[in-house]
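Here is the structure we will look at, set down as structure tokens.
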Amino acid sequence: MTEGFDMQALTRRIDERKATVAVIGLGYVGLPLVLAFHDAGFAVLGFDTDPEKVRKLDAGESYIRHIGSDEIGRLAASRRFEATTDPARLGGADAILICVPTPLTRYREPDLSYVEGTARALAEHLRAGQIVILESTTYPGTTDEVLKPILESSGLVCGRDVLVAYSPEREDPGNAVYNTTRIPKVVGGDGEAARDVACRLYDAITSGGTVQVSSAATAEAVKLTENIFRAVNIALVNELKVVYDKMGIDVWEVIDAAKTKPFGFMPFYPGPGLGGHCIPIDPFYLTWKAREFETPTRFVELAGEINSAMPAHVVQRLAEALNDRFAKGLKGAKVLMMGMAYKKDVDDIRESPALKLMALLGERGAEVSYYDPFIPVIRTGREHAELSGRHSVAWDEVLAGRHDAAFIVTDHSAVDYAALVAASPLVVDTRNATRAVTKHRERIVRA
Ligand SMILES: NC(=O)c1ccc[n+]([C@@H]2O[C@H](COP(=O)([O-])OP(=O)(O)OC[C@H]3O[C@@H](n4cnc5c(N)ncnc54)[C@H](O)[C@@H]3O)[C@@H](O)[C@H]2O)c1
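First residue of the sequence shown? That's 522 in my numbering, and the numbers climb one at a time after it.
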């Protein structure tokens, strides 16, 4: 570290809560971080390119279901919080956390355009003495090979004038036990000074502690490893589901019994396909980067293959059930999909397998409606734009039982599954949501 950077001054500002923390990208990851730093006593600047989010934060309105408007109201009323769309304001912050999307392109390759765009905007306002931390999930090497060069186009030198680190966000939206402040924070820096200052900052918000690793690339690999671990294990139980089903064995019963083993087993559950902004996407960040090293990632790709075959598999199970029970095909059948969100009790539809299922059912001529208390209307992005604007039916319509089959895709806790089964001639359940229903069990088919 040279004269370009007074590390002690920044550390002191952090310790005394005099540092201003800027969070770029105020979505599912960024907004909880804003709250955490604000609650810890810091002045927080929220920056997003979406003016609607900034307007809502100013008005004290929440746009994420599991973050209450009372919390956002507290932020809006606070003198220590401000939301902005003006990148010039970033120059005034001491620490800048980047939480922008890292999706895939239509060719299933990493799309770093948001990270690059952010870095370019930041480079224009960067000043000596700041620390920049990337939190978006990405492949090993992004901080060093993509973020740093763009920041250095400002003329400032990383490690001398500004510090750069990577710390993956491990947020699990809707998890009531582990929120941003309880989950240990893994931190890797571009040099030890960056890592130490980043740890100091996160120590202020997490009771879970910080976990130092030797480089930014290692921290990037940690995040991918965690999500690939999930993707691979979900693929395994999906495969087991198909084979056990043919043997007349209930995979859910198997998992429930297996998980009583106190060591060496961790339960994962089958489903209609992967969803959300992480598990279906992140493994491809690694497989893409691995090609640069001419190293195959067969295991990871096989998991992707099995998981992406699940939507077609469960639709086929629904078709067979309609055929066997009512001598009916999917064409013209009234199918009520239960749940559109990618997982239970969240209002997030990104990468939800429900979108794929709705499209598949439509292609096969089914008349599809859906019920989801958290997704009153479908707003899609690049994928399945043709489904945008469709509305959830009301619960009364579910109970009216005008459908041939209910198709449980997301197992929201608030749904009365006994009432659903009572109102439905057939229930095809991809989540074992009906496990506690005792009446009319003959109407239920697990898929
Ligand atoms: N959602 C999760 O559960 C989760 C968990 C762990 C990690 N992550 C990772 O965190 C990152 C963010 O995910 P998210 O779910 O919060 O996404 P999100 O879409 O909810 O939020 C991203 C926000 O960034 C804003 N944005 C886009 N481009 C911008 C720019 N150039 N400048 C400023 N703001 C910009 C968007 O308007 C949006 O508000 C991704 O890399 C994701 O993989 C997400």
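Note that the Cβ used here is the ideal one computed from N, Cα and C, for glycine as well.
In this text, all values refer to a predicted model and were calculated from it rather than measured experimentally.
Can you have a look at Thr523 and say buried or exposed, based on whether 16 or more other CB atoms are within 10 angstroms of its CB?
The predicted position of Thr523 is uncertain, since its pLDDT is 46 and thus under 50; no value can be drawn from it.
Examine ligand 1 and report whether any of its heavy atoms sits within less than 7 angstroms of the Cβ of Lys865.
Checking every heavy atom of ligand 1 against the Cβ of Lys865, none is found closer than 7 angstroms.
Could you tell me the alpha carbon to alpha carbon distance between Tyr699 and Gly729, rounded to whole angstroms?
Cα to Cα, Tyr699 sits roughly 9 angstroms from Gly729.
Any idea if Arg967 is buried or exposed, counting beta-carbon neighbours within 10 angstroms, 16 or more meaning buried?
That one is buried.
Taking the alpha-carbon positions, what's the Glu537 to Lys706 distance?
Put simply, the backbone Cα of Glu537 is about 21 angstroms away from that of Lys706.
Taking the C-alpha atoms as reference points, what is the distance between Glu884 and Tyr687?
Per the coordinates, the alpha-carbon of Glu884 lies some 43 angstroms from the alpha-carbon of Tyr687.
Are the beta-carbon atoms belonging to Phe568 and Ala649 less than 8 angstroms from one another?
The answer is no: Cβ separation not under 8 angstroms.
Sub-8 angstroms separation of Ile704 and Thr727 beta-carbons
Contact: yes.
Please name the residue in Asp868, Ile535, Leu843 and Ser674 whose C-alpha comes closest to that of Asp717.
Of Asp868, Ile535, Leu843 and Ser674, the residue nearest in Cα terms is Ile535.
Can you tell me whether Arg681 is helix, strand or coil according to DSSP?
Arg681: coil per DSSP, three-state reduction.
Taking the beta carbon of Ile965 as the centre, do at least 16 other beta carbons fall within 10 Å, making it buried, or is it exposed?
Label assigned to Ile965: buried.
For a test of your reading of the model: does the CB of Cys720 fall under 7 angstroms from any non-hydrogen atom of ligand 1? Yes or no.
No - ligand 1 has no heavy atom lying nearer than 7 angstroms to the Cβ of Cys720.
Short check: CB of Ser829 to CB of Gly796, under 8 angstroms?
No; because the gap between Cβ atoms is not below 8 angstroms, this pair is not in contact.
Between the CA atoms of Arg721 and Arg533 - distance to the nearest angstrom:
The straight-line gap from Cα to Cα measures roughly 10 angstroms.
On the premise that Val575 lies in contact with Thr605, defined as a C-beta separation below 8 angstroms, what is that separation, rounded to the nearest angstrom?
Rounded, the Cβ-Cβ distance is 6 angstroms, consistent with contact.
Taking 7 angstroms as the line, does the beta carbon of Thr951 fall inside it for any heavy atom of ligand 1?
For Thr951, the shortest separation between its Cβ and any heavy atom of ligand 1 does not lie below 7 angstroms.
Through-space distance from Gly922 to Ile896, alpha-carbon basis
CA-CA distance, Ile896 to Gly922, rounds to 21 angstroms.
Decide if Arg629 is buried, meaning its Cβ has at least 16 other Cβ atoms within 10 Å, or exposed.
So Arg629 ends up on the exposed side.
Cβ neighbours of Ala640 in the same chain (closer than 7 angstroms, five flanking residues each side left out):
So the list reads Leu668, Ile671 and Leu672, once near-sequence residues are dropped.
Straight-line gap, Glu603 to Thr901 (C-alpha atoms, nearest Å):
Cα-Cα distance, rounded: 29 angstroms.
Please report the distance separating the alpha-carbon of Lys744 from that of Pro689.
About 6 angstroms.
Top-ranked residue by Cα proximity to Ser945, from Ala875, Ser873 and Met858
With distances taken between CA atoms, Ser945 lies nearest to Met858 out of Ala875, Ser873 and Met858.
What does the alpha-carbon distance come out to for the pair Pro553 and Gly695?
Note on geometry: alpha-carbon atoms of Pro553 and Gly695 lie some 11 angstroms from one another.
Spatial neighbours of Ala840 within its chain, please: CB distance less than 8 angstroms, with the 5 preceding and 5 following residues excluded, ordered by chain position.
These residues qualify, in order along the chain: Gly850, Leu851 and Arg885.
I want to check one thing, is the minimum distance from the CB of Arg967 to the heavy atoms of ligand 1 below 7 angstroms?
It does not: the Cβ of Arg967 is nowhere closer than 7 angstroms to a heavy atom of ligand 1.
C-beta atoms of Tyr635 and Ile585 nearer than 8 angstroms:
Not a contact, by the Cβ cut-off of 8 angstroms.
Nearest neighbour of Pro874, chosen from Asn844, Ala887 and Phe928 [CA to CA]:
Minimum Cα distance to Pro874 is reached at Phe928.
Where Glu888 falls: helix, strand or coil (DSSP):
Strand at Glu888.
Bridge partners - Phe602, DSSP secondary structure assignment:
Bridge partners of Phe602 according to DSSP: Val565.
Taking all protein chains shown into account, decide if Val949 is buried (16 or more other Cβ within 10 angstroms of its Cβ) or exposed.
With 16 or more Cβ atoms within 10 Å of its Cβ, Val949 is classed as buried.
Cβ shell of Asp693 (< 7 angstroms), same chain only, five flanking positions each side left out:
Here the set comprises Tyr699.
With the cut-off set at 8 angstroms, would you say Met831 and Gly792 are in Cβ contact?
Yes, Cβ-Cβ distance for Met831 and Gly792 is below 8 angstroms.
Starting from Val707, follow its DSSP beta bridges and name the residues at the other end.
Paired residues: Val732.
According to DSSP, which residues form a beta bridge with Leu655?
Bridge partners of Leu655: Ile619 and Tyr687.
Name the residue from Glu872, Ile776, Glu888 and Val542 whose alpha carbon lies nearest to the alpha carbon of Asp615.
Comparing Cα positions, the closest option is Val542.
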